[in-house]
């Protein structure tokens, strides 16, 4: 099942494709939400070999973003981007459901 509940920007898709190519893996990014971080929840990024049966799948430029149903409840409507700045380069989740965040951008509260 494919739905556009999450959006992967072209910048993020390009970076994932590059990382996957270097590791000789499929261009599939798994985004999960775990308890922890300074604001209650934190994002976890990992390359996946294939989507799981109940994953939500979003695709941009041939790169897939997969999210499990439990995580999707907390990040539906989000945009995953790859941002480069003076402070470094990182994947960033713009989550419209997050009521609080932290300075590092890797954890959030609802």
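Residue numbers (UniProt numbering): 1 to 110. Quick reminder that beta carbons are idealized off the backbone N, C-alpha and C, glycines included. If you're wondering where the values come from, they're calculated on a predicted model, not measured in any experiment.
Per DSSP, cross-strand counterpart(s) of residue 32: Against the chain shown, residue 32 aligns to sequence position 32. According to DSSP, which records beta bridges pairwise, residue 32 is partnered with 44.
Of the listed residues 42, 81, 48, nearest to residue 66 (C-alpha basis): If you number the chain shown from 1, residue 66 lands on position 66. Nearest C-alpha to residue 66: 48.
Cut-off 8 Å between Cβ atoms - residues of its own chain near residue 17, not counting five sequence neighbours on either side: The count along the chain shown starts at 1 and reaches residue 17 at position 17. These residues qualify, in order along the chain: 27, 61, 62, 63.
Exposure of residue 86, with buried meaning 16 or more beta-carbon neighbours within 10 Å: For the purposes of this step, residue 86 is taken as the residue at position 86 of the chain shown. When all chains shown are included, residue 86 counts as exposed.
From 92, 5, 21, residue whose alpha carbon lies closest to that of residue 83: For the purposes of this step, residue 83 is taken as residue 83 along the chain shown, with counting starting at 1. Nearest of 92, 5, 21 to residue 83, Cα basis: 92.
Rounded straight-line distance, which links the Cα of residue 97 to that of residue 74: What you label residue 74 is simply residue 74 of the chain shown in a count that begins at 1. What you label residue 97 is simply residue 97 of the chain shown in a count that begins at 1. About 7 Å.
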